[in-house]
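*Asks:* First, the structure itself, so that you have it in front of you.
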Amino acid sequence: MTVPTTYFIGFDGKQKLIVAGYVESADFLKKITEACDGVSPSDSASGVDLSINDKVEKAKEKLRQKQEERKFEESQKEKDDELNRRSTGKNVTKLKQWQETKEAEETRNQIIKDREEDKKAKERIKEQIARDRAERKARFEETQRLKKATTEKEKQEKLQREADEKRMEASRRSETARIQFRLPDGQAVNHFFPSGNKFQDAVDYLRTEHSLKNIQLMTNFPKRIYNPNEYGLSFSELQLAPSSVITVKLLGSFMSTPGDGGGGMGLVSSIYNTISNSITSVWNMIYTFVFGTPQQPAVQSNRSNSQQQRDSQTSSTSNTLRHRSNIARLSDRRNDDDDMALYNGNSTQQM
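FYI, UniProt numbering numbers position 308 of the sequence shown as 308, with every residue one higher than the one before it.
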């Protein structure tokens, strides 16, 4: 800051008075008078012949000049201040605009940054959710797999046990083939054969024990006629174990003349055998399924003895089947033994 200062110097070059700062005109004139009064006569005698009034006038002139200069400076200063103010205002406006622009840009950048961060956060959350779902799915699938494996294992073990039991039962039951022969005269004869023996044993049994030579063996369920080429197969291979019903048919047994009545009896016997064999087959299947294979050694022995007794009797006049050339005639005479079928009057058989 500039402070106006006035120095009063005498003729001898020495400083007389100093007036600093702004001073009113009256006060300033008083200061001038004091400075002039302090000048000694010797000073005026230095060759300068100036009167007091001239000095006052000069001082006043200088004062006016100073005042004008000060006013000019003040005016110039006001102009400069105004220019500075205007410039500052413009600068402030520009600064505000710049600040607003910068703040808007920062806000926009911050919004973009926040959006990017939100997007990344959402992606992280989605990834975490996907990982959690994948883990839960993997755990669920693993649990289901273990559960399924356990269930499957238990099921396989159960099936294996059942298969073993069935195999043991089938093995036990299939060791012996229980065959019921339906003879041409309507009799039902049971006999037991080892399931591994050949089917020829059944043919030999009928030929030996029942004197049936020219015969044909067949089953009704399923319908099957056994030819001599199959006699070499076992009972198991022919699926006759553990039990089966075989119908014995005499070849040419129904070739009779109408005069002797053999044709009618043969037809009745054939129809009866068919119905009886069907019922017997169903009964044997149910019996075998429920009770299994019956014990046969003692029964087989008793039946063999009874069969031998009956065969000894068939050589006499009690033969039930007589052959005369190509004519077969059935007799009403029957032997009462353990193998005879019991009929209840309803065309069905009791075993």
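In this text, a Cβ means the ideal position worked out from N, Cα and C, and glycines have one as well.
Predicted, not measured: the structure shown is a model, and the values here were computed from it.
For the candidate residues F181, S75 and I52, whose alpha-carbon lies nearest to that of N220?
*Replies:* It is F181 whose Cα lies nearest to the Cα of N220.
*Asks:* Does the contact criterion of 3 or more C-beta pairs under 8 Å hold for the stretch 230–248 versus the stretch 187–203?
*Replies:* Yes, they touch.
*Asks:* For the alpha helix (DSSP H) containing F199, list its first residue and its last residue.
*Replies:* Note, F199: premise wrong, no alpha helix (DSSP H); not H, not E.
*Asks:* Taking just the CA atoms, how far does E103 sit from R133?
*Replies:* If you take the alpha carbons of R133 and E103, they lie about 43 Å apart.
*Asks:* At a cut of 8 Å, does the stretch 18–32 reach the stretch 52–67 through at least three beta carbon pairs?
*Replies:* The stretch 18–32 is in contact with the stretch 52–67.
*Asks:* Under the three-state reduction of DSSP, which class applies to Y231: helix, strand or coil?
*Replies:* Correct three-state label for Y231: coil.
*Asks:* Going by Cα to Cα distance, which pick from K96, T33, S25 and T88 is closest to K66?
*Replies:* Looking at the Cα atoms, S25 is the closest of the given residues.
*Asks:* Can you say whether F192 is buried or exposed, counting buried as having 16 or more other CB atoms within 10 angstroms of its CB?
*Replies:* Looking at its Cβ environment, which holds 16 or more other Cβ atoms inside 10 Å, F192 is buried.
*Asks:* Helix, strand or coil: how does DSSP classify Y22 here?
*Replies:* It is coil, neither helix nor strand.
*Asks:* Could you pull the DSSP bridge partners for H191 from this structure?
*Replies:* DSSP, once it has assigned bridges, lists I179 as partnering H191.
*Asks:* Measure the CB-CB distance between L251 and N214 and report whether it falls below 7 Å.
*Replies:* Contact: yes.
*Asks:* Compute the Euclidean distance between the alpha carbons of D195 and R178, then round it to the nearest angstrom.
*Replies:* The sequence as given places Ser at residue 195; Asp does not occur at that position. Cα to Cα, S195 sits roughly 9 Å from R178.
*Asks:* Can you list, in chain order, the stretches of the alpha helix (DSSP H) that have 4 or more residues and sit fully within the stretch 58–112?
*Replies:* Those alpha helix (DSSP H) runs which fall completely within the stretch 58–112 and span 4+ residues do not exist here.
*Asks:* With a 10 Å radius around its C-beta and 16 neighbouring C-beta atoms as the bar for buried, classify V3 as buried or exposed.
*Replies:* Per the 10 Å Cβ criterion, exposed.
*Asks:* For Q15, which of G21, C36, Y22 and V23 has the nearest alpha-carbon?
*Replies:* Minimum Cα distance to Q15 is reached at C36.
*Asks:* For L183, collect the residues of the same chain with a Cβ closer than 7 Å to its Cβ; drop the 5 residues on either side in sequence, then sort them by chain order.
*Replies:* So the qualifying residues of the chain are V189, H210 and V248.
*Asks:* Would you please state the rounded distance, in angstroms, between the beta carbons of I246 and L217? I believe it to be under 8 Å.
*Replies:* The pair is a contact, with the Cβ atoms about 5 Å apart (cut-off 8 Å).
*Asks:* Is DSSP giving T274 helix, strand or coil here?
*Replies:* In this structure, T274 counts as helix in the three-state DSSP scheme.
*Asks:* Tell me, please, which residues DSSP counts as bridged to S243.
*Replies:* Bridge partners of S243: R178.
*Asks:* Starting from T2, trace the beta strand (DSSP E) in both directions and tell me its first and last residue.
*Replies:* Note, T2: premise wrong, no beta strand (DSSP E); not H, not E.
*Asks:* Between which two residues does the beta strand (DSSP E) holding L217 run?
*Replies:* Where L217 is concerned, the enclosing beta strand (DSSP E) stretches over I215 to T219.
*Asks:* Beta-carbon within less than 8 Å of G232's beta-carbon, same chain only, minus the 5 sequence neighbours each way: which residues are those?
*Replies:* Once the five neighbours on either side are set aside, the close Cβ partners of G232 are K198, F199 and Q200.
*Asks:* Could you check which residue in T33, T5 and G10 has the C-alpha nearest to that of Y22?
*Replies:* For the residues T33, T5 and G10, the minimum Cα distance to Y22 belongs to T5.
*Asks:* With a threshold of 8 Å on Cβ separation, who are the neighbours of A163 within its own chain once the five nearest residues in sequence on each side are excluded?
*Replies:* Around A163: no qualifying Cβ.
*Asks:* For the ligand FAD, any of its heavy atoms closer than 6 Å to the Cβ of V23?
*Replies:* Absence of the ligand FAD is noted for the structure shown, with no ligands found whatsoever.
*Asks:* Would you tell me roughly how many angstroms separate the C-alpha atoms of K77 and E100, rounded to the nearest one?
*Replies:* In a straight line, the C-alpha of K77 is about 32 Å away from that of E100.
*Asks:* Any idea what DSSP makes of L29, helix, strand or coil?
*Replies:* Reduced to three states, the DSSP call for L29 is helix.
*Asks:* Please classify L206 as buried or exposed, where buried requires at least 16 neighbouring CB atoms within 10 angstroms.
*Replies:* L206 should be labelled buried.
*Asks:* Count the other CB atoms, across all protein chains shown, that sit within 10 Å of the CB of S278; report buried if there are 16 or more and exposed otherwise.
*Replies:* Label assigned to S278: exposed.
*Asks:* Does A140 come out as helix, strand or coil in the three-state DSSP assignment?
*Replies:* Residue 140 is actually Phe in this sequence, not Ala. Helix, per DSSP.
*Asks:* To the nearest angstrom, report how far apart P222 and E165 are at their CA atoms.
*Replies:* When rounded, the distance between both Cα atoms is 27 Å.
*Asks:* So, using beta-carbon positions, are F8 and L17 closer together than 7 Å?
*Replies:* Yes, Cβ-Cβ distance for F8 and L17 is below 7 Å.
*Asks:* DSSP has T6 in a bridge; who is on the other side?
*Replies:* T6 pairs with V19.
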